[in-house]
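Structure first, commentary second.
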Amino acid sequence: MSAAARASKKWIWLGTSLAVGAAGYLLYYGPGRKLSFESVKPASPLPAPDALDPNAFRSFKLADIKQYNHNTNIFKFASDDPRAKYNGKTASCVVFKADIDGKEIIRPYTPTSRPNTIGELEFVVKNYPNGLMSKHIHGMKMGDNIQIKGPIPKYPYEANKFQNLVLIAGGTGITPMIQMIEEVVLNPNDKTKITFLFANTSIDDILLREKLDKLTEKYPDQLKVHYAVSKVAKAQAKTWQGEVG
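Each position in the sequence shown, counted from 1, maps to that position plus 45 in my numbering.
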């Protein structure tokens, strides 16, 4: 047999094999079968891990600083895992730990982050003259680390448990209150009404006022905020509509 004939037979055999294979594929994976490439679904993504551990301190890196007023900044601390979610519930706090002047100092702070916020925690921190931890936090630089443990439940809020809530706070006491207020008004199924009395030394000391005013404007039938200050500067007296005394 010539080389050309042998080559021809090889090609005929190969073509027959491909035809049989194709027929077998159509028979097994035909239109009536569920097994097909189109039916293969990607694996479900892994659930986001918790950013905090109530039984152990974890390291967080200072990721953002925004000056709010003359003595208060808003700090954002990033988790080592960018997928991690804030696993606190309304209302809860955390504790900070830092080595300050050779001593281990631990202080509680309340995040202003919403539950399930991804990647970072936000805190409103006032710099108190004698506050060891607050001075330490205000002295931190971008990229510095601090230890945080939590969340620690403070008040287990339940939607629609009460028809009306009256909240009273002063100064940095706004942080757990903003947790509570947002938990209520941002839940369309929660019909609870809130009256919030917020007291401060001066108008400039009112923390998160812009956020509160936006929430009262958006939810006027559900949220009422009353401001009270100890003193009002002359330049602000004509426009101030809150309480004084």
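For each residue, glycine too, the CB sits at the ideal point set by N, CA and C. The structure presented is a predicted model; accordingly, all values stated were derived computationally and were not measured.
query, result
"Cβ-based burial, Ser158 [other Cβ within 10 Å; buried from 16]", "buried"
"The beta strand (DSSP E) enclosing Leu212, as first and last residue numbers", "Asn209 to Gly215"
"Beta-carbon gap between Cys138 and Pro233 smaller than 9 Å", "no"
"Spatial neighbours of Pro306 in its chain, beta-carbon cut-off 6 Å, leaving aside the 5 residues before and after", "Since the first and last residues shown for the chain are 46 and 290, residue 306 lies out of range."
"Nearest-angstrom beta carbon gap, Lys130 and Val163 [assumed within contact, 8 Å]", "Here residue 163 is Ile; the residue named in the question, Val, does not match the sequence. Sure, about 5 Å apart at Cβ, within 8 Å."
"Candidates Gln267, Leu97 and Ile110: closest to Asn205 by CA position", "Gln267"
"Close beta carbons around Lys238, own chain, < 6 Å, minus the five adjacent residues each side", "Asn209 and Gln267"
"Residue of Leu91, Val169 and Ile182 minimising C-alpha distance to Pro221", "Val169"
"Through-space distance from Asp250 to Gly218, alpha-carbon basis", "12 Å"
"Meets three-Cβ-pair contact criterion under 8 Å: the region 140-154 and the region 173-191", "yes"
"Straight-line Cα distance separating Phe243 from His181", "27 Å"
"Buried versus exposed call for Tyr154 [16 or more other C-beta atoms within 10 Å across all chains shown]", "buried"
"Sequence-distant residues of its chain with Cβ nearer than 6 Å to Ser275 (five each side left out)", "Thr246"
"Alpha-carbon to alpha-carbon, Leu231 and Leu257", "13 Å"
"Check whether Leu107 and Ile191 have beta carbons under 9 Å apart", "yes"
"Under the three-state DSSP convention, the category Gln192 falls into", "strand"
"Contact under 9 Å by Cβ, Glu288 with Ala273", "yes"
"Sequence-distant residues of its chain with Cβ nearer than 7 Å to Met225 (five each side left out)", "Thr135, Ala136, Tyr202 and Leu212"
"Rounded straight-line distance, which links the Cα of Phe122 to that of Arg103", "11 Å"
"Thr284 to Asp189 span [Cα, whole Å]", "41 Å"
"Cβ-based burial, Ile151 [other Cβ within 10 Å; buried from 16]", "exposed"
"Secondary structure of Asp36, DSSP reduced to three states", "Any question about residue 36 goes unanswered here, given that the chain covers just 46 to 290."
"Uninterrupted beta strand (DSSP E) stretches inside the region 210-283 (no shorter than 3 residues)", "238-245 and 268-274"
"Sequence-distant residues of the same chain with beta carbon closer than 6 Å to Gln112, five excluded per side", "Asn118"
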